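Undergrad: Letter 38 of the sequence shown, counting from 1, is numbered 38 in the UniProt record's numbering, and no numbers are missing. Each residue gets a CB set at the ideal place from its N, CA and C atoms; glycine is no exception. All figures in this text were calculated on a predicted structure; none of them were measured in a lab.
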Amino acid sequence: MFFHKELLLLQALKFEVEERQNLLLHCVLPQSYSHTSGINSATQLNKFGLWQEYPRRPSHDPDGEIGLEDLSNLPRQPETEEVDSPLQPVNDSPLNPTQMLLTGWQNNGNATKSNGEMDSLARIIQHPDF
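Pasting the structure below:
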């Protein structure tokens, strides 16, 4: 019973949202903006379903001088500093022979290890440098 009430409420809210969207889509400009003369010019719909209407063809792009900072209120990313020194590796110590042999076996391109791979591991463990 409780679920049924929630479902009815969600359907009512969905209907109200759809009605408001329809009102916005069919919104009429006030009479002061009506076209008395000239060419009616409208932009294409953008990805939000919005467009701009002009009583006559504009002589310039009204949004042409708007920058990204004018369109967003997100804080700007801090400027990064230029660093002259190259990045240092996380681990400066070279691999010892044991590490090199095991890492080479681990990263040989096979995600699953077969009996042959296990034999290869046994040879690595028996290697004199291990």
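(1) DSSP on Glu79, reduced to helix/strand/coil?
(2) Taking the alpha-carbon positions, what's the Leu8 to Gln21 distance?
(3) Within its chain, find whatever has a CB closer than 8 Å to the CB of Tyr54; leave out the 5 residues flanking it on each side and keep chain order.
(4) From the DSSP output, in three-state form, read off Ala122 for me.
(5) Considering only their Cβ atoms, is the gap separating Phe130 from Thr80 smaller than 8 Å?
(6) Please list the terminal residues of the continuous alpha helix (DSSP H) segment that includes Trp105.
(7) Kindly indicate which residue of Lys47, Gly116, Arg57, Trp105 has the alpha-carbon position closest to the one of Ile124.
(8) Please report the distance separating the alpha-carbon of His127 from that of Asn108.
(9) Does DSSP classify Ala111 as helix, strand or coil?
(10) Check for me: the alpha helix (DSSP H) holding Glu69 runs from which residue to which?
(11) Look at the alpha carbon of Glu65 and the alpha carbon of Pro78, and state the distance between them as a whole number of angstroms.
TA: The relevant details are as follows:
(1) Collapsing the DSSP output to three states places Glu79 in coil.
(2) Spanning the two alpha carbons is a distance of roughly 20 Å.
(3) Within the same chain, Cβ atoms closer than 8 Å to the Cβ of Tyr54 are found at Asn40, Ser41, Ala42, the five residues on either side in sequence being excluded.
(4) Ala122: helix per DSSP, three-state reduction.
(5) Taking C-beta atoms as the reference points, Thr80 and Phe130 fail to come closer than 8 Å.
(6) Trp105 -> alpha helix (DSSP H) spans 97–106.
(7) Ile124 has its Cα closest to that of Trp105, out of Lys47, Gly116, Arg57, Trp105.
(8) Here the C-alpha atom of His127 lies approximately 17 Å from the C-alpha atom of Asn108.
(9) Ala111 falls in the coil class under three-state DSSP.
(10) For Glu69, the uninterrupted alpha helix (DSSP H) run begins and ends at 68–71, by DSSP.
(11) About 24 Å.
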